[in-house]
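Enquirer: Chains as they are written, first to last, in the working numbering: chain A, 24 to 139; chain B, 20 to 133.
The beta carbon of each residue, even a glycine, is placed where N, CA and C say it ideally should be.
Quick caveat, the model's predicted, so the values are computed rather than measured.
(1) My output table needs one value for residue 109 of chain A: the three-state DSSP class, helix, strand or coil.
(2) For residue 83 of chain A, collect the residues of the same chain with a Cβ closer than 8 Å to its Cβ; drop the 5 residues on either side in sequence, then sort them by chain order.
(3) In the DSSP output, what is residue 61 of chain A paired with across the bridge?
(4) Could you say which of A:65, A:95, A:62 lies nearest to residue 73 of chain A if we only look at CA atoms?
(5) Strictly by DSSP, which residues pair up with residue 135 of chain A?
(6) Can you give the Cα-Cα distance for residue 64 of chain A and residue 122 of chain A, rounded to whole angstroms?
(7) Is the CB of residue 67 of chain B under 8 Å away from at least one CB in chain A?
(8) Give a yes or no on whether 8 Å exceeds the smallest Cβ distance from residue 44 of chain B to chain A.
(9) Can you grab the Cα-Cα spacing for the pair residue 54 of chain B / residue 48 of chain A, in whole Å?
(10) Could you check whether residue 98 of chain A and residue 43 of chain A sit closer than 8 Å to each other, using their CB atoms as the reference points?
(11) Use the C-beta contact count for residue 76 of chain B: other C-beta atoms within 10 angstroms, 16 or more gives buried, fewer gives exposed.
(12) List, in chain order, every chain A residue whose beta-carbon is nearer than 8 Å to that of residue 64 of chain B.
Right under this line is the structure:
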């Protein structure tokens, strides 16, 4: 059974803290993604990675950074958490099908982060 | 900027009826995918349609793709209360600044009443 696992289901952090959200996939996928989901805004892409140590900014990278040191792991870092980063964070991975683009994405269960 | 935009934002129907959701996007794509999300959970992949396909079926799901209009539709036939969820389309851009990204829209909230 394929799986994308996020390290925490719920997280409460204080303003100014450095926050690490971890995501691990067991499908040997090249591509991994971090999204945040807010009511009425859908899923917004924060960062994605298409290979180890490679990263690309999405639409809303400000205040975030990422790390991909191993193929199976993609970490999202909130450098200094702020209340406007309170959200649901979703990690996903997908394969790349040569000449056909991205394959289906598999999602983790999500991390609901509250910054107080 | 987001690629896919679903329409309508919310849809409420009775069990047994068909549900149709639409998605529009902006640039050339490799494929378009539809996902389902139950409240507060991660997304689950439903179906993928490639840019050279016009229609695809999977069980009670039927997806169409019109690349000339940059639009897609998802039809759920004979809906059930268990189909209540949010549905999202996602696009994989073929070229340009959005290459390699998987973009999602805001979703359609489907409610199926028993």
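Expert: So, from the data block:
(1) Taking the first residue of the first chain as 1, we reach residue 109 of chain A at position 86. Look at residue 109 of chain A here: in three-state DSSP terms it is coil, with no helix or strand label.
(2) The sequence position of residue 83 of chain A within the first chain is 60, counting from 1. The residues are 59, 67, 68, 69.
(3) Your numbering for residue 61 of chain A matches position 38 in the first chain. Bridge partners of residue 61 of chain A according to DSSP: A:65.
(4) The sequence position of residue 73 of chain A within the first chain is 50, counting from 1. Comparing Cα positions, the closest option is A:95.
(5) Numbered from its first residue, the first chain carries residue 135 of chain A at position 112. Under DSSP, residue 135 of chain A shares a beta bridge with A:33, A:111.
(6) Counted from its first residue, the first chain places residue 64 of chain A at position 41. Counted from its first residue, the first chain places residue 122 of chain A at position 99. Here the alpha carbon of residue 64 of chain A sits roughly 31 Å from the alpha carbon of residue 122 of chain A.
(7) Locating residue 67 of chain B in the second chain gives position 48, where the first residue counts as 1. Yes, residue 67 of chain B lies at the interface with chain A (some Cβ there is under 8 Å from its Cβ).
(8) Taking the first residue of the second chain as position 1, residue 44 of chain B is located at position 25. So no, residue 44 of chain B is outside the interface.
(9) The count along the second chain starts at 1 and reaches residue 54 of chain B at position 35. The count along the first chain starts at 1 and reaches residue 48 of chain A at position 25. When rounded, the separation of the alpha-carbon atoms in residue 54 of chain B and residue 48 of chain A is 19 Å.
(10) Reading the first chain from its first residue, position 20 is the one you call residue 43 of chain A. Reading the first chain from its first residue, position 75 is the one you call residue 98 of chain A. Yes.
(11) Residue 76 of chain B sits at position 57 when you count from the first residue of the second chain. Classification for residue 76 of chain B: exposed.
(12) In the second chain, the residue the question calls residue 64 of chain B occupies position 45. Within chain A, the residues near residue 64 of chain B are 127, 128, 129.
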